[in-house]
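One structure is given here, and the rest of the page talks about it.
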Amino acid sequence: MPETREHAHPNVGTYLRVAAILVILTVLEVGVFYVPAFHVVLVPTLLALSAVKFALVVLFYMHLKMDSRFFSFLFGGPFLLAVVVLVALLFLFFGQFTLRGVGGGGVGGG
Amino acid sequence: MTHAAAVHHTSMGLDSRKMAFWAFIGSECLLFGSLISTYLIYKGKSVVGPYPHDILNIPFTSVSTFDLLMSSLMMVLALAAVQRGDLKWTKIWLFATAFLGILFLGGQVYEFSSFVREGLTLQTNLFGCTFFVLTGTHGAHVTVGVLWLLTLWVRALQGKLGPAQAVTVEISGLYWHFVDVVWIVIFTLVYLIQ
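Chains D and X are the protein sequences, given in the same order.
Heads up, the first sequence is in the working numbering, so the first residue is 489 and it goes up one at a time.
Heads up, the second sequence is in the working numbering, so the first residue is 3 and it goes up one at a time.
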């Protein structure tokens, strides 16, 4: 039997702290974009910062951290499926392993 | 109608409206997942310009991103206000959320107009096609959210939005925050990773 209770939401102080962190992370994202020294790690850094912002909004503003785990399942299932489809398509079109074999140009390469 | 009569619980003890809305948000993940996938697959395959690095305005979009993040904060503050029965602040925060949403939409209209003036349309190249479809679909969602928020604001002005209707505000908030998280992803994948 999954956890079904809906818990109390965070207080205003928590909301404000999360907002402050979101703003700082956004400033960091834009900063990383403009500083040439970070360009070697630009993509992983931006993806990590974006993932943290995404998680903060979903967990605290959408209350998945406190609400029923069933809601997490309803959201997380399709979200993971979307991510898997995205990664699979990127591998299919740009990866080394394509429908045309190892090292091929991919189905979209033409 | 009393609060007790208005609440619809499932056999799991959860509010059925929230459950249905989370399922809807799940389906929206797949919609935006497909649009983002399409954008990324066709990225760099345009044979004529303008290209993303020629045209995307990062400082301007950063301000739009900040605007949408702040609107999410206003939304949770509106929810907290309605839950404690504070009608005055419910009205203020709901209107502030809708206003920031309208500002975001105004920014998007300005951005789209300037892109068209610079020669990027839906038909120009693969970048234009996938960019406008992805960000346009997001903008349509923001528009729906703004209309929804303004409807709630009018109900608050009429004094019909109290703690008994907090779930209604919470569900509109779920939608609004989802629109925000989609923008967080779009801002990174489309604007910053060029």
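Ideal Cβ positions, reconstructed from N, Cα and C, are used throughout, including at glycine.
- Roughly how far, in whole angstroms, is the beta-carbon of leucine 107/X from the beta-carbon of glycine 161/X, given that I think they are within contact range, below 8 Å? Leucine 107/X to glycine 161/X, Cβ: 28 Å. No contact.
- Query: Who are the near neighbours of glutamine 85/X in its chain, counting only those whose CB is closer than 7 Å to its CB and skipping five residues on each side?
  - Reply: Pro165 and Ala168
- Message: Which residues in chain X have a C-beta closer than 7 Å to the C-beta of methionine 550/D? List them in chain order.
- Response: Leu176 and His179
- Are the C-beta atoms of valine 518/D and some chain X residue less than 9 Å apart? yes
- Below 7 Å CB to CB, which residues in the same chain sit around valine 184/X once its five sequence neighbours on both sides are set aside? Phe34 and His140
- Query: DSSP on aspartate 555/D, reduced to helix/strand/coil?
  - Reply: coil
- Beta-carbon gap between leucine 176/X and lysine 20/X smaller than 9 Å: yes
- Query: Considering only C-alpha positions, which residue in the set Ser556/D, Ile512/D, Leu578/D and Gly564/D is nearest to threonine 12/X?
  - Reply: Ser556/D
- Under a Cβ-count criterion, where at least 16 other Cβ atoms within 10 Å of its own Cβ denotes burial, should valine 171/X be classed as buried or exposed? buried
- Message: By DSSP's criteria, histidine 11/X is part of a beta bridge. Which residues make up the other side?
- Response: Asp17/X
- Message: Going by DSSP in three states, proline 524/D sits in which element: helix, strand or coil?
- Response: helix
- Is there at least one non-hydrogen atom of the ligand GTP closer than 8 Å to the beta-carbon of isoleucine 60/X? Looking at this structure, you won't find the ligand GTP or any other ligand, since it has none at all.
- Local conformation of arginine 197/X per DSSP, three classes: Coverage of chain X is limited to positions 3 through 196, which leaves residue 197/X absent and any answer about it impossible.
- Status (buried if at least 16 other CB within 10 Å, exposed otherwise) for asparagine 127/X: buried
- Pull up the distance between the alpha-carbon of isoleucine 512/D and that of methionine 76/X, whole angstroms please. 17 Å
- Task: Taking a Cβ distance cut-off of 7 Å, strictly less, list which residues of the segment 47 to 69 of chain X are near chain D, in chain order.
- Result: Ile60, Ser64, Thr67 and Phe68
- Message: Under 8 Å, CB to CB, which of the residues in the segment 90 to 116 of chain X have a partner in chain D?
- Response: none
- Please report the Cβ distance between serine 174/X and leucine 154/X, rounded to the nearest whole angstrom; I am assuming they are in contact, meaning their Cβ atoms lie under 8 Å. 6 Å
- Message: Let's test the definition: count the other Cβ atoms within 10 Å of the Cβ of glutamate 120/X and tell me whether it reaches 16, buried, or not, exposed.
- Response: exposed
- Task: Check whether the segment 502 to 519 of chain D touches the segment 562 to 573 of chain D, taking contact to mean three or more Cβ pairs, one atom from each stretch, closer than 8 Å.
- Result: no
- Message: Can you check whether the C-beta of proline 566/D is within less than 9 Å of a C-beta belonging to chain X?
- Response: yes
- Give a yes or no on whether the minimum CB-CB distance between cysteine 209/X and chain D is below 9 Å. Beyond the ends of chain X as shown, which are 3 and 196, falls residue 209/X; an answer cannot be given.
- Identify which residue in Val181/X, Tyr193/X, Phe134/X and Leu89/X has its Cα closest to the Cα of glycine 28/X. Val181/X
- Task: Look at the alpha carbon of histidine 497/D and the alpha carbon of valine 506/D, and state the distance between them as a whole number of angstroms.
- Result: 13 Å
- Could you say which of Ile509/D, Tyr503/D and Phe582/D lies nearest to valine 540/D if we only look at CA atoms? Ile509/D
- Taking only runs of the alpha helix (DSSP H) that begin and end inside the segment 107 to 153 of chain X, which ones reach a length of at least 4 residues, in chain order? none
- Residues of the segment 69 to 90 of chain X with Cβ closer than 8 Å to any Cβ of chain D, in chain order: Leu71, Met72, Ser74, Leu75, Met77, Val78, Leu79, Leu81, Ala82 and Gln85
- Task: Count the other C-beta atoms from every protein chain shown that fall within 10 angstroms of the C-beta of tyrosine 112/X, then say buried if there are 16 or more, exposed otherwise.
- Result: exposed
- Task: Could you pull out every residue in the same chain whose Cβ sits closer than 7 Å to the Cβ of leucine 105/X, ignoring the five residues on either side in sequence?
- Result: Asp69
- Message: Just verifying my parser: in three-state terms, what is the DSSP assignment at valine 84/X?
- Response: helix
- threonine 99/X and tryptophan 178/X: beta carbons closer than 9 Å? yes
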